[in-house]
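Numbering-wise (our numbering), the sequence shown opens with residue 376 and increments by one.
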Amino acid sequence: MATGLNPSYFIALSAALFAIGLYGAISRKNAIAVLISIELMLTAVNINLVAFNKFLTPEAFIGQIFAIFVITVAAAEVGLGLAIVIAIYRNRKSVDLDDFDWMKW
Numbered sequence: 376m377a378t379g380l381n382p383s384y385f386i387a388l389s390a391a392l393f394a395i396g397l398y399g400a401i402s403r404k405n406a407i408a409v410l411i412s413i414e415l416m417l418t419a420v421n422i423n424l425v426a427f428n429k430f431l432t433p434e435a436f437i438g439q440i441f442a443i444f445v446i447t448v449a450a451a452e453v454g455l456g457l458a459i460v461i462a463i464y465r466n467r468k469s470v471d472l473d474d475f476d477w478m479k480w
């Protein structure tokens, strides 16, 4: 059963999402926006994992297993990242990344 979808569509979508996430992570000053951008990049990775699995080895579920692993790591990253951001906000009253300079020499 042909779906009419090429792997290039998924690669283009994934590349666009990853580029948007990378731009957001580099250009944003807000720590929460950077965390959201990192999640967008991890979503792009998941799309690639599942798409390559479907088109290269459809009988194996290796891409889906890795995608579930990435989702688990992303959930832990969000939980830990938000906990750190909340702790910093309680002390500094700001989540601006330019204010996180107390570890500089």
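C-beta atoms are modelled at their ideal positions from N, C-alpha and C, and glycine is treated no differently. All of these numbers come straight from a predicted model, not from anything done at the bench.
Rounded distance between the beta-carbons of residue j and residue i, thought under 8 Å
i: Q439; j: N423; result: Contact doesn't hold; Cβ gap of about 12 Å is too wide.
i: V425; j: A442; result: 5 Å
i: F475; j: I463; result: 7 Å
Neighbourhood of residue i by C-beta, 7 Å cutoff - its chain only, sequence neighbours within 5 removed
i: E414; result: A449 and V453
i: L388; result: I422
Cβ neighbours of residue i in the same chain (closer than 6 Å, five flanking residues each side left out)
i: F393; result: M416 and A419
i: V409; result: A400 and R403
Proximal residues to residue i (C-beta, below 8 Å), its chain only, five neighbours per side dropped
i: M376; result: Any answer about M376 is weak, because its pLDDT of 47 lies below 50 and its placement is not dependable; what the coordinates show is given next. No residues qualify anywhere along the chain.
i: A435; result: N428
i: L397; result: S412 and M416
Backbone CA spacing between residue i and residue j [nearest angstrom]
i: I395; j: L380; result: 23 Å
i: A458; j: A451; result: 11 Å
i: I386; j: R465; result: 41 Å
i: I446; j: I437; result: 14 Å
i: L472; j: A391; result: 25 Å
i: S412; j: R467; result: 23 Å
i: S469; j: G456; result: 15 Å
From the options, residue whose alpha carbon lies closest to that of residue i
i: Y384; options: F430, L397, S412 and S469; result: F430
i: F444; options: T432, I411, A390 and N421; result: N421
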